[in-house]
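Heads up: the sequence shown is residues 19 to 173, going by the numbering used here.
Just so you know, even glycine gets a beta-carbon here, dropped at the ideal spot from N, CA and C.
None of the values given here were measured: they were computed from a predicted structure.
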Amino acid sequence: MARKFLTVIASAALLSACASASRDFQGYVVDDAAPADVKPGEDTRSSVLTTLGSPSTSSVFGDETWIYMSSTRERFAFYRPKVVDRTIVAIRFGEDDIVEEVLEYDETQGRVIQYASRETPTRGRELGLLEQIFGNVGRVALPQDTRAPGDIGRD
């Protein structure tokens with residue numbers, strides 16, 4: 019009886035370990051100061067760098083916008099991870115390096131971008147699997163004659 023009880027307890031412990039969810043944190047992790055604490059008109063580029071650290075990325079053209087991104091994903095057992103929280107904070111600087119605007123976005127404000135999945139056509143013909151495997155069988159490179167043209171016939 020005790021053996022069955024221990025088997026049931028051990029099985030329950032093993033199964034509960036598989037059922038627990040794990041969390042992954044990616045990107046900027048807020049420590050003491052949050053990006054939302056940055057005040058437009060008061061903070062400068064250097065104070066933001068001191069407070070928040072280096073941004074996740076910056077604007078492509080110029081260096082007027084710093085972007086801090088963070089996301090939390092949760093994985094349950096063997097299923098695909100699911101994003102449970104995503105925050106993007108964009109801090110825009112003016113010409114005098116003073117913060118002009120702080121914009122906050124979350125996962126509800128994102129958009130799915132559709133891309134074209136067409137293939138680029140290439141010239142020539144497509145080879146089948148067997149042609150690719152056995153295509154070079156029987157093709158033997160002939161040895162090249164390394165003599166100069168004037169040396170031919172002087173053996």
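If we ignore side chains and look at the alpha-carbon of each, how far apart do S74 and W84 end up?
8 Å
For Q44, tell me which candidate among V101, T68 and S65 has the shortest Cα-Cα distance.
V101
Cβ-based neighbour list, V107, same chain, cut-off 6 Å, excluding 5 preceding and 5 following
P53, Y86 and E122
Simplified DSSP state of E125, which is helix, strand or coil
helix
R91 vs D42 beta-carbon contact at 8 Å
yes
Less than 7 Å between C-beta atoms, sequence neighbours within five positions excluded: which residues of the same chain meet that for R110?
E82, T83, E118 and E119
Using 8 Å as the threshold, is the C-beta distance between A39 and R93 below it?
yes
Go ahead and pull the three-state DSSP assignment for S76.
strand
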